[in-house]
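Here the structure is laid out as structure tokens; the discussion comes afterwards.
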Amino acid sequence: MPQVLLTRELVPEAMRALEGRCELDLWERSPEAMPRDDLLRRAKDKDGLLTLLTEKVDAELLDAAGPRLKIVANHAVGFDNIDVPECTRRGVLVTNTPDVLTEATADLAWALVLASIRRVAEGDRFLRARTPWVWDPRMMLGHDLYGKTFGIVGCGRIGQAAARRATGFGMRIVYSDAVRLPAEAEQRLGAEYLSLDDLLAQSDVVSVHAPLTPETRHLFNAGTFRKMKHTAVLVNTARGPIVDEAALAEALHAGEIFAAGLDVYEREPQVEAALLDLDSVTLLPHLGSATVGTRVAMGLLAVENLFAGIAGERPRTPLNPEVLER
Ligand code: DGY
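Just add 12 to wherever you are in the sequence shown, counting from 1, and you've got the numbering used here.
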């Protein structure tokens with residue numbers, strides 16, 4: 013039987029798909045995160061690791077696992093937690109879970125767009141605090157979406173799904189990315205390519221869908237916020253470190269931008285204290301892919317990838333398929 017380490021319990025459908033097919037070493041204090049020392053100790057002599065975005069897969073962990081390791085199956089589309097070149101060098105396959113979470117994540121980005129620009133969570137908190145009120149023409153005003161500009165930073169699968177939703181809101185769509193989309197895709201989305209500076213200056217909503225890389229770390233910083241409209245909102249459902257949270261808190265406090273919606277955090281699961289005190293930011297605990305259907309699909313895909321890799325076959329969504337060509 014192959015030896016598999018699972019660092020957090022998955023949805024029941026995915027747990028059933030693991031049953032009887034491997035010797036499963038499941039972190040027993042799940043859903044608590046697995047401490048690094050336990051991860052290093054328990055990775056030893058495993059054929060496969062089924063990891064989450066919370067586990068750092070680097071040379072140290074690969075050393076601890078040893079030469080038997082064939083695959084790291086990540087239960088996430090983002091893979092900034094994994095040193096893929098190091099895995100490739102050692103002949104270890106890496107897989108992620110793209111596509112199955114595209115629509116759910118775009119939906120959640122839009123939940124944050126609406127919550128931020130129309131002060132939804134703030135209104136909810138206001139009533140729960142039993143605040144006395146009466147309807148007032150000046151009360152809790154937000155901004156319109158119709159006819160405004162939706163700016164996408166990182167226009168891959170999820171960015172494009174967010175763009176399709178913007179069409180329904182009657183918005184102009186602009187995007188910025190390291191690589192420009194083919195003309196056909198731009199036409200299909202009705203999206204216009206802009207430099208980041210132009211996008212920041214023109215957008216009423218800026219939604220981040222880029223991967224975390226050295227180039228995108230703190231892409232949103234004090235200087236970036238100054239280039240945005242005072243009425244704009246920033247939404248981040250990608251990765252926390254793309255936004256400098258302390259600078260964001262200052263920009264919101266100073267009224268440089270109107271509001272923000274965050275699903276991901278720079279030092280996740282910690283949230284910058286200055287943000288917790290601001291009404292103009294809506295905060296969610298990394299729920300982008302958190303629907304029943306999506307988590308089942310992610311879990312089943314990660315398990316399918318895991319067993320394909322252990323069997324020496326090509327997984328459905330490999331990040332370094334060249335490992336199999338050796
Ligand atoms: C991912 O898949 O990368 C998300 O952040 C979690 O679903």
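Where a beta carbon is used, it is the ideal one built from N, C-alpha and C, also for glycine.
Remember, predicted model here, so these are calculated numbers, not experimental data.
Are the CB atoms of Thr107 and Asn248 nearer to each other than 9 angstroms?
Numbered from its first residue, the sequence shown carries residue 107 at position 95. Numbered from its first residue, the sequence shown carries residue 248 at position 236. Going by C-beta atoms, Thr107 is not nearer than 9 angstroms to Asn248.
Put Ser219 into one of helix, strand or coil per three-state DSSP.
Indexing the sequence shown from 1 puts residue 219 at position 207. Look at Ser219 here: in three-state DSSP terms it is strand.
Just the Cα atoms here: how many angstroms apart are Arg130 and Ala55?
Along the sequence shown, one-based indexing puts residue 130 at 118. Along the sequence shown, one-based indexing puts residue 55 at 43. Taking the straight line from one Cα to the other gives about 47 angstroms.
How is Thr236 classed by DSSP in three states: helix, strand or coil?
On the sequence shown, position 224 is the one that residue 236 refers to. In this structure, Thr236 counts as helix in the three-state DSSP scheme.
Can you check whether the CB of Leu157 is closer than 9 angstroms to the CB of Asp119?
If you number the sequence shown from 1, residue 119 lands on position 107. If you number the sequence shown from 1, residue 157 lands on position 145. Going by C-beta atoms, Asp119 is not nearer than 9 angstroms to Leu157.
So, do the segment 277-295 and the segment 80-95 have three or more beta carbon pairs nearer to each other than 8 angstroms?
no
Taking 5 angstroms as the limit, tell me which residues put their C-beta closer than that to any heavy atom of the ligand DGY, in chain order.
Ala88, Val89, Gly90, Ser301
Would the beta-carbon of Pro14 fall within 9 angstroms of that of Phe319?
Here residue 14 corresponds to residue number 2 of the sequence shown, with the count starting at 1. Here residue 319 corresponds to residue number 307 of the sequence shown, with the count starting at 1. Between Pro14 and Phe319, the CB-CB gap stays under 9 angstroms.
Could you have a look at Asn248 and say whether DSSP puts it in helix, strand or coil?
Working through the sequence shown from its first residue, we reach residue 248 at position 236. Here Asn248 sits in strand by DSSP.
Just checking my contact of Leu212 with Thr236 at CB under 8 angstroms: how many whole Å lie between their CB atoms?
Position 200 of the sequence shown holds residue 212. Position 224 of the sequence shown holds residue 236. Yes, Leu212 and Thr236 are in contact; Cβ-Cβ is about 6 angstroms, under 8 angstroms.
If you draw a straight line from the alpha carbon of Asp291 to that of Ala133, how long is it in whole angstroms?
Here residue 291 corresponds to residue number 279 of the sequence shown, with the count starting at 1. Here residue 133 corresponds to residue number 121 of the sequence shown, with the count starting at 1. Roughly 8 angstroms separates the two Cα atoms.
Considering only the beta carbon of each residue, do Leu224 and Leu246 sit closer than 9 angstroms?
As a first step, residue 224 must be located in the sequence shown, where it is residue number 212. As a first step, residue 246 must be located in the sequence shown, where it is residue number 234. Not a contact, by the Cβ cut-off of 9 angstroms.
For the segment 155-171 against the segment 135-145, do three or more pairs of beta-carbon atoms, one drawn from each stretch, fall closer than 8 angstroms, so that the two count as touching?
no
Quick one: residues in its chain with C-beta nearer than 7 angstroms to the C-beta of Ala127, no 5 flanking neighbours on either side, listed in chain order?
As a first step, residue 127 is located in the sequence shown; it is residue number 115 there, counting from the start. Within the same chain, Ala127 has close Cβ partners Ala133, Gly273, Thr294.
For Glu25, report the span of its alpha helix (DSSP H) as first-last.
Working through the sequence shown from its first residue, we reach residue 25 at position 13. Counting along the chain, the alpha helix (DSSP H) containing Glu25 begins and ends at 24-30.
Name the one or two DSSP bridge partners that Glu35 has.
Taking the first residue of the sequence shown as position 1, residue 35 is located at position 23. In DSSP, Glu35 forms a bridge with Gln15.
Could you check if Ser301 is buried or exposed, using at least 16 other CB atoms within 10 Å of its CB as the buried criterion?
Translated into positions along the sequence shown, residue 301 becomes position 289. Buried: at least 16 other Cβ atoms inside 10 Å.
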